[in-house]
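Enquirer:
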Amino acid sequence: MKNCNSENNEFDVIIIGGGITGAGTARDCALRGMKVLLVERFDFAAGATGRNHGLLHSGARYAVTDKESATECIKENMILRKIAKHCVEENDGLFISLPEDDINFQSKFVESCQAAGINAQIIDPAEARRIEPSVNSTLIGAVKVPDGSVDPFRLTLANIIDAKANGAKVLVYHEVVELIKEQGRIIGVTVVNHKTQENNKYYAPLTINAAGIWGHRIAEMAGAKIGMFPAKGSLLIFGHRVNNIVLNRCRKPADADILVPGDTICLIGTTSSHVGFDEVDNMRVTSEEVDLLLREGQKLAPALATTRILRAYAGVRPLVAADNDPSGRNISRGIVLLDHETRDGIPGFATITGGKLMTYRLMAEWATDLACKKLGIDKPCVTMTEALPGSREEEPMPKGKTYDLSNRIKRSTVGRHGDMASKIASDNEFDNSLVCECEDVSVGEVQYALKELDVHNMEDLRHRTRVGMGTCQGELCACRAAGLLSEAHNCAHQAKADLAKFLNERWKGMYPVAWGEALRESEYTQWVYSGICGMNKMEEK
Amino acid sequence: MNMQQYNISDNNFEQCIKCTVCTVYCPVVPVNPNYPGPKQAGPDGERLRLKRGEFFDEALKYCLNCKRCEVACPSNVRIGDIIQLARIKYSKSKPSLRDMILANTDIVGTMSSTFAPIVNTTVALKPVKKVMDSVLKIDQHRTFPKYAGQTFVSWFKKEAQAKQDLFPKHISFFHGCYINYNYPQLGKDLVKVLNAIGYGVHLLEKEKCCGVALISNGLINQAKKQAKININSIRKSINEEKRPVIAASSTCTFTIRDEYPHLLEIENDDVRNSIELATRFIYRLIESGKVKLKFRDAAPVKVAYHTPCHMEKLGWGYYSIELLRHIPNVELVVLDSQCCGIGGTYGFKKENYKTSQGIGASLFRQIETVDPQFVATDCETCKWQIEMSTPYKVKHPISILAEYIDVEKTINLNK
């Protein structure tokens, strides 16, 4: 095995997991002067980070049941609006009471919100109908809260970009296969490079496990046991925005009671059910879940019943089990930081888990504080004020009188990349021509992502740009993107295989909701790729 | 789960499966690269506009509302309507003085008819055209249709109205602005033909411009007001007087039938089937054996029929074509169905002149290749465009019918 101890494989801290927690921790550690390595087995945000509502919680949802989480949420909510404004949409949220709900819950809810520092205002149902016309018109009460939406892919990427800018080394498609132990102490990790199948060893006095639900297994490698509770949550994505304000039910958290508008689409979710660890890598949405999501979703916004569904997907919450709650609903969403040295007698190893997308920054702060303590670094955290790349400039949008086509593309690009959009080439017709027509992704944007944003395949590209996330689900954009990918990586064979994989992945999400127009469109897509592009022939070979 | 209920969407744009055939059939796309095309401007753009109105793209004004995208769409997406509605809802640009002048066909028509000789001479003068070009941005290559000294309505009231009650059957005639102010002869031709087959022709109680130009120039409230007046009169004619409403212009007919409910939210379900185009009305009478036409002997003429876009959208080109084929001396050549480029007032605007002529170029070439004695079409603005852009005269099928019909023999045949 190559790689003996040398400059290149020694770090101050190794972070396992490229979700939002790992990315945030890598950034915080790097900002505090540590030499950081982040390893991720697939792509950034490939797990629970990319499989949730994208809700910028105000904390109101937890105000009654979990005040600690609620307080954390509202604080982080206000911070993210400042440091990550290109990832955030300040939509506001409504907690509505329907005739079947107990209206008396409302006053308790508002009281709890205010106690947690959440600005919750009771508004007239008529006013609610006015500001959000899609809302169930039979509502009997409404409370306005500072909810919003947040794009988890963008947020993760912005943290990664800043971590790298501050010297962090980031390895995607590198999976930890072993924690290197020396005299009971974790001194590094062995990772396998999924591209080359090579094993490499990296060393650091501290390894932070930020692998979400997969952290359960990482901890086992170290010889520690964490009582993780994999709770599956399923969601449905609709083809376009039905609502512009987040809609919640004003009652104790239950299934399918949040409808979030995010970018061009809206999402209803979630369900909550316990799953086994053997299932966490292969989540499938059942038809019962689809049925439940639609049935409950319609109560928030009746228009959902007749709105085209793009796809269904499920994520696994890395909850840390505390009692025998079979649903996982009542477990605290609070942050769990485990110092395995004090907890299990395993020095050099810590786990940061629990929490939520909303509180990732605080989780990173706690984990980094612990790292500082272990490594004897005395530097304060600055992430609550230091804006992320993309959100640093005040007015990234060039001011023009009218918005011609290229301005519309610019608007979409700036929406995705914030002030980093200036790095995207838009000098000629080719740069400006569209790869993804549903989401206005230009050739220039794809090339920027290929060059600068660690894109290895189509799925990565989708996370960076929204290619394939629109209503056509890859029908028109996938082959164009594959063409650019093949050019950039100079390998047509791999790009073709990748294209097939990407389309199958898209189909996987459509399968549970394959009826009506979505089914018709997927049939058309299949016809284009099999019939015209001959992709079925390719597989036979 | 009841799957059926999830198959029906109120969001027409969701039926789009991105096949892009609409953009292939869009006449603007190949000649104006600033226009994103119907797929992008319509269903794709609609998703973005639902996200935030600021994604509205002023380039949507390059849509000439020909609706050929809708004809091409296999998924029944009302692409043209989506684009027009987006313009109505989101456009921030206010109609200019020029747009008001172009859009208000009947106010301008009333004034111009009164002073027809002066107006006709003045607007045809080169220096005046130059001024209109630079000040009003009405392209100097354009020639305004001449105004008639006597409107169709005043002729009708004086010369024809009295005897209409004597006929056994009756229709109401939606004459439209063009017949009334610019070309009363077509109205007279229509009265001649319908009277010959035993139909009395009547004016509607009140008639305003159908509003097509108001819609395309963003004057929606005025369009709604006029549409309400029209639909009330139409209702009275159809429901109370039991007279179907006939128009000669394919665009007026299309606007009243389809644009009223789709763009102006004016329902017409109860009367829509009784609003129709003159050629279709007559053709169907012939087909069902209810009337017969007799034509006089005349020298053979070669006629080329151009299908207007809104005729294509109505799906009624067939009726005009087949009716013309009934005329023994007419040798009919059906031109490829393509947009002439004028799009009503669209082509008069300086900024659209190049696009407009670019769109029409292949039609003009085909006409010149066919080299007919004259061109036939059901749309007045197509007529202007073809006459402005080729050396050929353009006639309405009804006028051709009127020219060759043997009135005496036809009357006797239908007694």
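As you go down the protein sequences, you meet chains G and X in turn.
Remember, the numbering used here sits 30 above the position in the first sequence when you count from 1.
Remember, the numbering used here sits 263 above the position in the second sequence when you count from 1.
Glycine included, each C-beta is placed from N, C-alpha and C at the ideal position.
(1) Determine the closest residue to leucine 86(G) out of Pro129(G), Lys225(G) and Pro182(G), with distance taken between C-alpha atoms.
(2) To the nearest angstrom, report how far apart arginine 338(G) and histidine 270(G) are at their CA atoms.
(3) Have a look at leucine 179(G) and isoleucine 365(G) and give me their C-alpha separation to the nearest angstrom.
(4) Which class does threonine 432(G) belong to by DSSP, given the choice of helix, strand or coil?
(5) Give the DSSP-derived three-state secondary structure of threonine 336(G) in the structure shown.
(6) Can you find a C-beta in chain A that's less than 8 angstroms from the C-beta of leucine 323(X)?
(7) Inspect the beta-carbon positions of glycine 448(G) and glycine 420(G) and report whether they are closer than 8 angstroms.
(8) Taking only three categories from DSSP, how would you classify glycine 500(G)?
(9) Are the CB atoms of leucine 340(G) and alanine 548(G) within a distance shorter than 8 angstroms?
(10) Tell me the rounded alpha-carbon separation between alanine 322(X) and asparagine 297(X).
(11) Check whether the Cβ atoms of valine 310(G) and isoleucine 243(G) sit closer than 8 angstroms, and answer yes or no.
(12) Tell me, please, whether the CB atom of isoleucine 584(X) is closer than 8 angstroms to any CB atom in chain G?
(13) Taking C-beta to C-beta, are histidine 465(X) and arginine 506(X) nearer than 8 angstroms?
(14) Can you tell me whether threonine 220(G) is helix, strand or coil according to DSSP?
(15) Let's see if you can read the secondary structure: which residues bound the beta strand (DSSP E) around alanine 172(G)?
(16) Measuring CB to CB, does serine 516(G) end up less than 8 angstroms from alanine 530(G)?
(17) I'd like to know whether the C-beta of aspartate 287(G) is nearer than 8 angstroms to at least one C-beta of chain X.
(18) Mind the definition here: the region 301-317 of chain X touches the region 626-635 of chain X only if three or more C-beta pairs lie below 8 angstroms; say whether that holds.
(19) In whole angstroms, what is the alpha-carbon distance linking tyrosine 233(G) and valine 305(G)?
(20) I need the straight-line Cα distance from arginine 228(X) to valine 382(X), nearest angstrom please.
(21) In whole angstroms, what is the alpha-carbon distance linking threonine 501(G) and threonine 443(G)?
(22) Assign glutamine 485(X) to one of three DSSP states: helix, strand, or coil.
(23) Could you name the residues of the same chain whose beta carbon sits closer than 7 angstroms to that of valine 290(G), not counting the 5 residues immediately before and after it, in chain order?
(24) Below 8 angstroms between beta carbons: does that hold for alanine 380(G) and isoleucine 238(G)?
(25) Would you decide whether alanine 425(X) is buried or exposed? Buried here means 16 or more other CB atoms lie within 10 Å of its CB.
(26) Assuming contact is defined by CB atoms lying nearer than 8 angstroms, are isoleucine 263(G) and serine 302(G) in contact in what I supplied?
(27) Beta carbon of serine 463(G): closer than 7 angstroms to some heavy atom of the ligand FAD?
(28) Mind pulling the alpha helix (DSSP H) runs of 4 or more residues that sit fully within the region 117-198 of chain G?
(29) CA-CA distance, asparagine 462(G) and histidine 523(G)?
(30) How long is the line joining the alpha carbons of arginine 361(X) and leucine 449(X), rounded to whole angstroms?
(31) Once the 5 residues before and after methionine 565(G) are set aside, which same chain residues still bring their CB inside 7 angstroms of it?
(32) Whose C-beta lies closer than 7 angstroms to the C-beta of aspartate 599(X) among residues of the same chain, with five residues either side of it excluded?
(33) Would you call the CB atoms of lysine 174(G) and leucine 209(G) closer than 8 angstroms?
(34) Take the Cβ of aspartate 560(X) as the centre, count every other Cβ of all protein chains shown within 10 Å, and call the residue buried at 16 or more, exposed below.
(35) Run the CB neighbour count on tryptophan 557(G), radius 10 Å, all protein chains shown included, and call it buried at 16 or more, exposed below.
(36) Between the region 274-283 of chain X and the region 530-544 of chain G, are three or more C-beta pairs nearer than 8 angstroms?
Expert: Quick answer:
(1) Of the candidates Pro129(G), Lys225(G) and Pro182(G), the one whose C-alpha sits nearest the C-alpha of leucine 86(G) is Pro182(G).
(2) 8 angstroms
(3) Sequence inspection shows serine at residue 179(G); the leucine mentioned does not correspond to that position. The alpha-carbon atoms of serine 179(G) and isoleucine 365(G) are separated by roughly 21 angstroms.
(4) In this prediction, threonine 432(G) scores a pLDDT of 38, lower than 50, which makes its location untrustworthy; the coordinate-derived value is nonetheless stated afterwards. Threonine 432(G) falls in the coil class under three-state DSSP.
(5) It is helical.
(6) Within the model displayed, chain A is absent; protein chains G and X are what it includes.
(7) yes
(8) coil
(9) yes
(10) 7 angstroms
(11) Contact flag set, yes.
(12) no
(13) yes
(14) strand
(15) 171-175
(16) Taking 8 angstroms as the cut-off, the Cβ atoms of serine 516(G) and alanine 530(G) do not count as close.
(17) no
(18) Counting Cβ pairs under 8 angstroms, fewer than three are found: no touch.
(19) 34 angstroms
(20) Given that chain X is displayed from residue 264 to residue 678, the structure contains no residue 228(X) and the question cannot be resolved.
(21) 18 angstroms
(22) helix
(23) His83, Gly84, Leu85, Ser179, Val276, Cys296 and Leu297
(24) yes
(25) exposed
(26) A small fix is needed here, since residue 263(G) is glycine in this sequence, not isoleucine. Cβ atoms of glycine 263(G) and serine 302(G): closer than 8 angstroms.
(27) The ligand content of the structure shown is nil, which means the ligand FAD is not present either.
(28) 135-145, 155-161 and 182-195
(29) Roughly 27 angstroms between the two C-alpha positions.
(30) About 28 angstroms.
(31) Ala530 and Tyr559
(32) Around aspartate 599(X): Gln629.
(33) Not a contact, by the Cβ cut-off of 8 angstroms.
(34) exposed
(35) exposed
(36) no
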